[in-house]
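Asker:
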Amino acid sequence: MGRKIKDSLTDGRLRFFISGSAPLDPKVALGFRRLGIGLLEGYGLTETSPVVCFCDPFSRKAGSVGAPIPGAEAKLIDVREDGVGELLIRGPIVMQGYYENHGATQEVIDDEGWFHTGDLAVIDSDGEIYLKGRAKHVIVLESGKNVYPEEVEWELSRIPYIEEVLVRGGKLNGQEVVQAVIYPNEEALEKDGHADAPLQAIWDAIKIRQGRLAPHKRIRRKEDVILVDEPFPKTSTMDIKRHLYKGGNHVSDA
Numbered sequence: 008m009g010r011k012i013k014d015s016l017t018d019g020r021l022r023f024f025i026s027g028s029a030p031l032d033p034k035v036a037l038g039f040r041r042l043g044i045g046l047l048e049g050y051g052l053t054e055t056s057p058v059v060c061f062c063d064p065f066s067r068k069a070g071s072v073g074a075p076i077p078g079a080e081a082k083l084i085d086v087r088e089d090g091v092g093e094l095l096i097r098g099p100i101v102m103q104g105y106y107e108n109h110g111a112t113q114e115v116i117d118d119e120g121w122f123h124t125g126d127l128a129v130i131d132s133d134g135e136i137y138l139k140g141r142a143k144h145v146i147v148l149e150s151g152k153n154v155y156p157e158e159v160e161w162e163l164s165r166i167p168y169i170e171e172v173l174v175r176g177g178k179l180n181g182q183e184v185v186q187a188v189i190y191p192n193e194e195a196l197e198k199d200g201h202a203d204a205p206l207q208a209i210w211d212a213i214k215i216r217q218g219r220l221a222p223h224k225r226i227r228r229k230e231d232v233i234l235v236d237e238p239f240p241k242t243s244t245m246d247i248k249r250h251l252y253k254g255g256n257h258v259s260d261a
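Take the sequence shown: its position 146, counted from the start at 1, is 153 in the numbering used here, and no numbers get skipped.
#1: Excluding the 5 residues preceding and the 5 following residue 159 in the sequence, name in chain order all residues of the same chain whose CB lies nearer than 6 Å to its CB.
#2: Helix or strand or just coil, what does DSSP make of residue 111?
#3: Which first and last residues belong to the beta strand (DSSP E) in which residue 128 is found?
#4: Going by DSSP, what residue range makes up the beta strand (DSSP E) through residue 24?
#5: Roughly how many angstroms lie between the CA atoms of residue 132 and residue 206, to the nearest whole one?
#6: Counting Cβ pairs, one atom from each stretch, are 3 or more of them under 8 Å apart for the segment 192 to 212 and the segment 238 to 248?
#7: Along the chain, which unbroken stretches of the beta strand (DSSP E) at least 3 residues long are found entirely within the segment 173 to 208?
#8: Please check the pair residue 141 and residue 184, which I expect to be a contact at CB under 8 Å, by giving their CB distance rounded to whole angstroms.
#9: Quick check: the Cα distance between residue 220 and residue 107, rounded to an integer number of angstroms?
#10: May I have the straight-line CA-CA distance separating residue 250 from residue 119, to the nearest angstrom?
#11: Taking only runs of the beta strand (DSSP E) that begin and end inside the segment 45 to 72, which ones reach a length of at least 3 residues, in chain order?
#12: Less than 6 Å between C-beta atoms, sequence neighbours within five positions excluded: which residues of the same chain meet that for residue 27?
#13: Kindly identify the DSSP beta-bridge partner or partners of residue 142.
#14: So, for residue 269: in the same chain, excluding its five sequence neighbours on each side, which residues have a beta-carbon less than 8 Å away from its beta-carbon?
#15: Report the partner residues of residue 137 according to the DSSP bridge assignment.
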């Protein structure tokens with residue numbers, strides 16, 4: 008059966024797919040590989056020319072983007088109890104610097120030549136890298152546990168009623184909590200008869216979906232789900248302008 012599915016998808020000629028730019032659900036990668044279809048996932052930045060690493064297309068390691076390419080080195084700093092730290096890269100793939108901006112260059116490349124990516128990762132015993140999110144986006148709870156917004160966003164984005172989602176830290180009685188700012192999919196809500204009560208429908212769906220997350224990463228109250236009327240403002244690279252949504256229930260004027 009797997010061979011038939013593979014041939015129908017690839018016409019028997021395609022060797023493997025390539026995924027990049029954003030994290031891929033490990034279950035998707037393993038699903039393709041079980042069918043005999045390779046799926047290569049890689050990681051890199053403009054500042055690293057751009058490839059840092061890529062995995063074996065038929066790897067059984069869910070979530071790995073592979074080990075650094077020959078000549079490149081990787082290490083973690085500020086490693087936490089869960090093994091997550093900021094990913095640093097060194098080698099000939101690293102840029103010489105930002106054009107005519109020595110100050111910005113010094114901020115990301117240290118005296119030993121390590122480029123500070125700003126990305127959080129885990130490195131296993133084989134040197135393979137598993138990305139977790141951006142260092143500047145981490146939500147640190149009062150318990151000391153960390154929540155990586157990108158992980159929660161990925162789960163919530165699977166809900167049909169959610170068109171776009173941004174996860175941030177908020178406050179409840181002085182305590183840090185997880186909040187979700189959501190641009191709803193009005194068409195899906197209307198189709199299922201929830202046009203008059205979109206927040207309740209979305210909250211009910213969130214309670215089910217976030218069961219896949221560790222308890223401390225979950226949204227605890229319906230009040231921590233904030234709906235917005237328009238798509239999120241984005242950068243030229245289509246990243247959400249997160250700084251506009253820091254704290255409070257409304258978009259910042261910043």
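Glycine included, every Cβ here is placed at the ideal spot set by N, Cα and C.
Answerer: Looking at the atomic coordinates:
#1: One-based indexing of the sequence shown puts residue 159 at position 152. If we look at residue 159 and ignore the five residues flanking it on each side, its Cβ neighbours are 174, 224.
#2: The sequence position of residue 111 within the sequence shown is 104, counting from 1. It is helical.
#3: Start at 1 with the first residue of the sequence shown, and residue 128 comes out as number 121. 122 to 130 is the span of the beta strand (DSSP E), which, as asked, contains residue 128.
#4: Counted from its first residue, the sequence shown places residue 24 at position 17. Element bounds for residue 24: 23 to 26.
#5: Mapped onto the sequence shown, residue 132 falls at position 125. Mapped onto the sequence shown, residue 206 falls at position 199. Going from the Cα of residue 132 to the Cα of residue 206 covers about 44 Å.
#6: no
#7: 182 to 191
#8: The residue you call residue 141 lines up with position 134 of the sequence shown. The residue you call residue 184 lines up with position 177 of the sequence shown. Going by Cβ atoms, the distance from residue 141 to residue 184 rounds to 20 Å, so no, they are not a contact pair.
#9: In the sequence shown, the residue the question calls residue 220 occupies position 213. In the sequence shown, the residue the question calls residue 107 occupies position 100. When rounded, the distance between both Cα atoms is 44 Å.
#10: Here residue 250 refers to the residue found at position 243 of the sequence shown. Here residue 119 refers to the residue found at position 112 of the sequence shown. Each residue's alpha carbon lies about 31 Å from the other.
#11: 45 to 51, 58 to 61
#12: By one-based count along the sequence shown, residue 27 stands at place 20. 49, listed in sequence order.
#13: Reading the sequence shown from its first residue, position 135 is the one you call residue 142. Residue 142 is not bridged to any residue.
#14: The structure shown does not extend to residue 269, since the chain is modelled only from 8 through 261, so no value can be given for it.
#15: In the sequence shown, the residue the question calls residue 137 occupies position 130. Note: residue 137 sits in a beta bridge opposite 129.
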